[in-house]
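Colleague: Below are the structure tokens for one structure; questions will follow.
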Amino acid sequence: MAPPSPAPAAALFLAALLVLSASPASAARPRSSSKVAAGPHDIPAVFAFGDSTLDPGNNNRLFTVVRADHAPYGRAFPAGVPPSGRFSDGKLITDYIVAALGIKDLLPAYHASGVTHADATTGASFASGGSGLDDITAHAVMVSTFSSQIADFQQLLSRIGEPQAADIAAKSLFILSAGTNDVTMNYYDLPFRALQYPTIDAYHDYLISCYQSYIQVRSSDHLLLLVHSVNLHTY
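Residue numbers (mature numbering (1 follows the signal peptide of the UniProt record, and there is no 0)): -27 to -1, 1 to 208.
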């Protein structure tokens, strides 16, 4: 498979920044309103994959030390609201994005208790704190691998069923954040990859190959699709 061109990836990053910049300054603290006014768009849902920067609580159910469902996390939320599992004192960037799009206030964790089928249909995060593009990174701290996150998304599409699943797969915004843990928690802390890849550049190349095996970036008109290269297809 040919490497994805940098232009679509850069455009996706810029699109995320533009959406974030549309969020008003008063969004620094969580809101009580159900939706935020947004300009016209045809994005039905937002889905996130990766590590703690996008994990709103998927690790809460896991037997791992990489959890944020305790103090001091979540202090910016209203008094009495327990820490949600977000690795933040308040919202994550994905929460601001879904709010700016007018989809919902917060992007929920896919595995959070109380998340309904309808909730997931308009977007969810599959990210797992401590995860990375390299499966060894996730296994070392007993969290969800990147490949298992993709599998969970595929399972969601199967539950939704056609033709709605096809529309969601084609039009949704997909956000990824991964790679930091692979270097800081894996390559420099564990002996396996450093022995296999003597230089960090060689390991970077391996991570890129992992990314390419999971994801293809395709552009279609103004849409940017992050497509799993095995079983998830564009429609």
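The C-beta atom is built at its ideal place from N, Cα and C for all residues, glycine as well.
Quick one: is I123 buried, meaning 16 or more other Cβ sit within 10 Å of its Cβ, or exposed?
Modeller: The count along the sequence shown starts at 1 and reaches residue 123 at position 150. Buried, since its Cβ has 16 or more Cβ neighbours within 10 Å.
Colleague: Check for me: the alpha helix (DSSP H) holding S120 runs from which residue to which?
Modeller: In the sequence shown, the residue the question calls residue 120 occupies position 147. From DSSP, the alpha helix (DSSP H) with S120 extends over F119 to I133.
Colleague: Looking only at its chain, what residues have a beta carbon closer than 8 Å to the beta carbon of I109, apart from the 5 residues adjacent to it on each side?
Modeller: Here residue 109 refers to the residue found at position 136 of the sequence shown. If we look at I109 and ignore the five residues flanking it on each side, its Cβ neighbours are N159, L163, F165 and R166.
Colleague: So, helix, strand or coil for F147, using DSSP?
Modeller: One-based indexing of the sequence shown puts residue 147 at position 174. F147 falls in the strand class under three-state DSSP.
Colleague: Buried or exposed for A175, going by 16 or more other Cβ atoms inside 10 Å?
Modeller: As a first step, residue 175 must be located in the sequence shown, where it is residue number 202. Exposed.
Colleague: Quick check: what's the CA-CA separation for D78 versus A111?
Modeller: As a first step, residue 78 is located in the sequence shown; it is residue number 105 there, counting from the start. As a first step, residue 111 is located in the sequence shown; it is residue number 138 there, counting from the start. Spanning the two alpha carbons is a distance of roughly 29 Å.
Colleague: So S104 is in the beta strand (DSSP E); what residue range does that whole segment cover?
Modeller: Indexing the sequence shown from 1 puts residue 104 at position 131. Looking at the DSSP string, S104 is not in any beta strand (DSSP E), and its letter there is neither H nor E.
Colleague: Measuring only the C-alpha atoms, how far is I66 from L130?
Modeller: Here the question's residue 66 lines up with position 93 in the sequence shown. Here the question's residue 130 lines up with position 157 in the sequence shown. Approximately 24 Å, taken between the alpha carbons.
Colleague: If I'm right that T153 touches D68 with Cβ under 8 Å, what's the distance once you round it to whole angstroms?
Modeller: The residue you call residue 153 lines up with position 180 of the sequence shown. The residue you call residue 68 lines up with position 95 of the sequence shown. No, T153 and D68 are not in contact; Cβ-Cβ is about 20 Å, not under 8 Å.
Colleague: Might you give, ordered along the chain, the residues of its own chain that have their beta carbon closer than 6 Å to the beta carbon of A82, omitting 5 neighbours on each side?
Modeller: In the sequence shown, residue 82 corresponds to position 109, counting from 1. Result list for A82: P29, G30, N31 and S98, in chain order.
Colleague: Hey, Y187 and S101: beta-carbon distance below 8 Å or not?
Modeller: Looking up residue 187 in the sequence shown gives position 214. Looking up residue 101 in the sequence shown gives position 128. Against a cut-off of 8 Å, the Cβ pair of S101 and Y187 comes out as no contact.
Colleague: Measuring only the C-alpha atoms, how far is E135 from A93?
Modeller: Counting from 1 along the sequence shown, the entry for residue 135 is found at position 162. Counting from 1 along the sequence shown, the entry for residue 93 is found at position 120. Those two C-alpha atoms are separated by around 16 Å.
Colleague: If you follow the alpha helix (DSSP H) that A93 is part of, which residue opens it and which one closes it?
Modeller: Residue 93 sits at position 120 when you count from the first residue of the sequence shown. Per DSSP, A93 belongs to the alpha helix (DSSP H) from H90 to T94.
Colleague: Which residues does DSSP list as the beta-bridge partners of F20?
Modeller: As a working note, residue 20 is residue 47 in the sequence shown. Its beta-bridge partners are A97 and F147.
Colleague: Just tell me which of D62, M115, F60 and L146 has its CA closest to the CA of L74.
Modeller: In the sequence shown, counting from the first residue as 1, residue 74 sits at position 101. Of D62, M115, F60 and L146, the residue nearest in Cα terms is L146.
Colleague: Give the range of the alpha helix (DSSP H) segment to which R166 is assigned.
Modeller: In the sequence shown, counting from the first residue as 1, residue 166 sits at position 193. Looking at the DSSP string, the run of the alpha helix (DSSP H) that includes R166 is P164 to Q169.
Colleague: What first and last residue would you give for the alpha helix (DSSP H) that runs through Y187?
Modeller: Reading the sequence shown from its first residue, position 214 is the one you call residue 187. It spans I173 to Y187 - the alpha helix (DSSP H) in which Y187 sits, taken as one unbroken run.
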